[in-house]
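S.K.: Below is one structure. I have some questions about it.
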Amino acid sequence: MTDQLPTQRAGQSIALPGSDLFEEVRRKLVNDLGQVQVDRQGQKRTYRPRAELLAEAVTPDTFVMVMDWLSSTRRGSLQTKRNYVDDIRRVWGAYAQELGHERFALGCFTADHIRAWRLRMEGRGAPPTTISRYLNTLSSLHTYAAEKIDLPKNPVTQDDRPKVDKGNTSRSTPVLEVDEVQAVVRAAENEFDALVVLLLYTLAGRVSEMCAADVTDRIERGRRSYLDVTRKEHKERILPLPITVAELLDAHTAGRPEPAEGAENALLLDASGRRLDRHDIARLLTRLGRKARVLTCPAVDKPGHAFARCKVCRNLTPHVLRASRITHMLDGHVDLAEVQAFADHDNPATTVGYWKRRNKGQRNAKHVDAAEALFGDVAHRFRQKGQE
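Next comes the structure, spelled out in structure tokens:
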């Protein structure tokens, strides 16, 4: 179906319709957006191209403009592009249909529509960061398109942009302590479980990098193994592998099942021979996290406990392992610039953010402990009184 995706029109395109160059560009953009898992029944999964789903959610003219917008160098990260497409098709496409439009089209929303949407999201308890992200997607697309075609005024105004508390750490990615990371590895039921955890943690890796890695990305130089990973914005990095990770990879590639069609070169395969995807890794880590009892409350195993509704329990995710590795490097007094380079943070402020959160938590604990020193015998005194 991707061959029937809307074509770009003259004046709005990065290549003339019908030309070989246009077809090559179109294929690249479609491939960059990747596939979306739309169904799973047991081991059987159904995928569809993300571009195809986008084309169903927006008008042809808007599809052309979205693809043009995504091709800008200001949106270089593949994951960022995919997030933008998902926001447009799932959030704004659905809202346009709710308002009576067949599909989302640029200019179909007014400021009043956005005001109503924002208030409803707040009423449903959506965090300001989430609301801000969706609004930023819509506003950025509208601003880009308004420079090329006539559009009504941008419906996203400053009056409806929520104030985001940059100092709020309640929704920050949690960090495991060293002993908790070790507990997760001990919870591994087989070599493959351990391999996934160690790959993500030791390389401070992103889940997309590990899922996209191929067997041919494994490099042997002398006695050392390396992995050639493609990081955000197509940055190639050759990273050394710890001996343990190399041995676990050897065991996986030697004993794994026959690869399914299209997964012949995949570095990581699931039990049915398919390339591992982020959903597989999310389920694997969730299982290990609960087994290791990390990021869970004391009542997690008690009858009636609802993990999804618990304000304390959190799933172990790939980014938790990445954030933990970065934080542990900072704990070890590794230079900030070196941590930034290892984590591949474009903006040093991102690395500094990890350092600030860690130090803020440690400072707060120190202040609380200082107050505790004044009243340390209170509980003992009342317990003793109750025993009299």
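1 is the number of the first residue of the sequence shown in my numbering; add one for each residue after it. From the three backbone atoms N, C-alpha and C, an ideal C-beta is built for every residue, glycine too.
1) Which of the three DSSP states, helix, strand or coil, is assigned to Ile219?
2) Can you give the Cα-Cα distance for Ser225 and Pro240, rounded to whole angstroms?
3) Just the C-alpha distance for Arg103 and Pro259, rounded to the nearest angstrom, thanks.
4) From which residue to which residue does the alpha helix (DSSP H) around Glu236 run?
5) Should the region 83-93 be regarded as contacting the region 46-62, the criterion being three or more beta carbon pairs within less than 8 Å?
6) As a quick exercise: from Thr230, Gln158, Asp346, pick the residue whose alpha carbon is nearest that of Ile131.
7) Bridge partners of Lys44, per DSSP?
8) How would you call Lys81, buried or exposed, if buried means at least 16 neighbouring beta carbons within 10 angstroms?
9) So, helix, strand or coil for Val175, using DSSP?
10) If you draw a straight line from the alpha carbon of Pro152 to that of Arg89, how long is it in whole angstroms?
11) Based on Cα-Cα distance, which residue from Ser172, Val178, Arg274 lies nearest to Arg325?
12) In terms of residues, what are the limits of the alpha helix (DSSP H) holding Asp331?
13) Cα separation between Leu29 and Asp301?
14) Report the rounded CA-to-CA distance for Thr46 versus Met329, giving the unit in angstroms.
15) Can you give me the Cβ contacts of Tyr95 inside the same chain, cut-off strictly under 7 Å, excluding the 5 residues immediately before and after it?
16) Grouping DSSP H, G and I as helix and E and B as strand, with all else coil, what is Val368?
17) So the candidates are His234, Thr173, Arg283, Arg275; which of them puts its Cα closest to the Cα of Tyr404?
18) According to DSSP, is Ala390 helix, strand or coil?
19) Quick one: what's Ser77 bridged to in DSSP?
20) Specify the secondary structure class of Pro259 as computed by DSSP and reduced to three states.
21) Between the region 193-206 and the region 243-252, do three or more beta carbon pairs fall short of 8 Å?
22) Of all the options Leu285, His333, Val334, Ala323, which has the alpha carbon lying nearest to the alpha carbon of Ala183?
23) How would you label Ser13, buried or exposed, when you count the other beta carbons within 10 angstroms and need 16 or more for buried?
24) Taking just the CA atoms, how far does Val175 sit from Val320?
25) Let's test the definition: count the other Cβ atoms within 10 Å of the Cβ of Ser72 and tell me whether it reaches 16, buried, or not, exposed.
26) So Leu227 is in the beta strand (DSSP E); what residue range does that whole segment cover?
27) Check the C-beta distance from Leu268 over to Met210 and give it rounded, since I have them as a contact under 8 Å.
28) Within 8 Å (strictly less), CB to CB, does Leu29 reach chain B?
29) Which of the three DSSP states, helix, strand or coil, is assigned to Ala292?
30) Measure the C-alpha to C-alpha separation of Ala111 and Lys311 and round it to an integer number of angstroms.
31) Output the distance between the C-alpha atoms of Thr472 and Val164, rounded to the nearest integer angstrom.
32) Counting only the same chain and skipping the five closest in sequence on each side, list residues whose C-beta sits under 6 Å from that of Thr2.
33) Taking just the CA atoms, how far does Ala370 sit from His234?
34) So, helix, strand or coil for Pro303, using DSSP?
35) Over the uninterrupted alpha helix (DSSP H) stretch that includes Phe63, give me the two end residues.
M.R.: Straight from the coordinates:
1) Ile219: strand per DSSP, three-state reduction.
2) For the pair Ser225 and Pro240, the Cα-to-Cα distance works out to about 6 Å.
3) 39 Å
4) Element bounds for Glu236: not the alpha helix (DSSP H) but the beta strand (DSSP E), 235-240.
5) yes
6) Gln158
7) Gln41
8) buried
9) DSSP, reduced to helix, strand and coil, places Val175 outside both helices and strands of the structure shown, so it counts as coil.
10) 21 Å
11) Val178
12) 318-331 is the extent of the alpha helix (DSSP H) around Asp331.
13) 46 Å
14) Roughly 40 Å between the two C-alpha positions.
15) Trp117
16) In the structure shown, Val368 falls within a helical segment according to DSSP collapsed to helix, strand and coil.
17) Residue 404 cannot be examined here, being either before or after the span of the chain that is shown, 1 to 388.
18) What is shown of the chain runs 1 to 388, which leaves residue 390 out entirely.
19) Partner(s): none; Ser77 has no beta bridge.
20) coil
21) yes
22) Leu285
23) Unreliable positioning characterises Ser13 in this predicted model, as indicated by a pLDDT of 40, which lies under 50. The coordinate reading is nonetheless provided below. The residue is buried, with at least 16 neighbouring Cβ atoms inside 10 Å.
24) Taking the straight line joining both Cα atoms gives about 6 Å.
25) exposed
26) 224-231
27) 6 Å
28) As a matter of chain content, chain B is missing from the structure shown, which is built from one protein chain.
29) Three-state result, Ala292: helix.
30) Roughly 34 Å between the two C-alpha positions.
31) Because the chain is modelled from 1 through 388, residue 472 falls outside the range shown and cannot be assessed.
32) Here Thr2 scores only 48 on pLDDT, less than 50, and its place in the model is too uncertain to base an answer on.
33) 48 Å
34) coil
35) Run containing Phe63: 60-70, per the alpha helix (DSSP H) assignment.
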